[in-house]
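Report on one structure; see the data block that follows.
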Amino acid sequence: YSGGTGGAASSGPPMTFPPSDQYGSGTQIKLPGGQTVSAPNERAAIAVRAALSRLGLPYVWGGTDPNRGMDCSGLTQWAYSQAGLKIPRTAATQTVGQKVDINDIQPGDLIIWSGHVAMYIGNGQMVEEPHTGDVCHVVPLRTSNAGEPLLGVFRPAA
């Protein structure tokens, strides 16, 4: 999400989700495939677990409702808010914290393009709310996104 007007709202009933603690505790994160990874700190781990707890949530452009639908930056903003960290609303403004090299990426880091953001979860994977018609899902880490310029990898919870 890169800002603007005309955001859609979901008209369906709220979804229910399992508690995020099913994805680990402390700095440990249990990934959907069964692997366990360590986050650099508990705040990053909480954010990753929160984002993973919304797998299957519909993408809603401009959405910020964790029970009805969010867009990419709504997901990352909400996930970090669960960890007690306030980050800006739109993808391009979430370039907060320490900028890190892609080779030093850690769970909780944000991969940010000019109009999209995803969160690295470890094991070469990221979680994202991709686009209208899709749902929050885990995909392999990538640096390209529909021709958008990559702004970088950022560590809000440094």
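For reference, each letter of the sequence shown is one residue, going 1 to 158 in full-length UniProt numbering. Virtual Cβ for every residue (Gly too), placed ideally from N, Cα, C.
What would DSSP say about V48, mapped onto helix, strand or coil? helix
With 16 other Cβ atoms within 10 Å as the buried cut-off, status of G6: Unreliable placement is indicated for G6, whose pLDDT of 44 sits below 50; no coordinate value is reported for it.
Per DSSP, what are the beta-bridge partners of W113 in this structure? L150
Coil, strand or helix - A158 by DSSP: coil
Which stretch, first to last residue, makes up the beta strand (DSSP E) that contains Q22? No beta strand (DSSP E) contains Q22, which DSSP labels as neither H nor E.
Quick one: residues in its chain with C-beta nearer than 8 Å to the C-beta of P32, no 5 flanking neighbours on either side, listed in chain order? L52, L55, V138
Quick check on residue 161: does DSSP put it in helix, strand or coil? Missing from the structure shown is residue 161; the chain here goes from 1 to 158 and no further.
With respect to the beta strand (DSSP E) encompassing residue 160, which residues constitute its N-terminal and C-terminal limits? Look at the range of the chain in this structure, 1 to 158, and you will see that residue 160 is not part of it.
Cβ distance (whole Å) where Y23 is taken to contact V135 below 8 Å: Wrong, their Cβ atoms sit about 17 Å apart, outside the cutoff.
Mapping the DSSP letters down to three states, classify I121 as helix, strand or coil. strand
Ordered along the chain, which non-local residues of its own chain (more than five positions away) have a Cβ less than 8 Å from that of G26? E42, A45
Helix, strand or coil for I102, going by three-state DSSP, please let me know. helix
Of the residues L110, G62, R49, D104, the one placed nearest P156, counting alpha carbons only: L110
Cβ-based burial, S114 [other Cβ within 10 Å; buried from 16]: exposed
Buried or exposed (CB count within 10 angstroms, at least 16 for buried), D104: exposed
Length of the line joining the Cα atoms of W78 and I87: 9 Å
If you measure between the beta carbons of G97 and F154, is that distance less than 7 Å? yes
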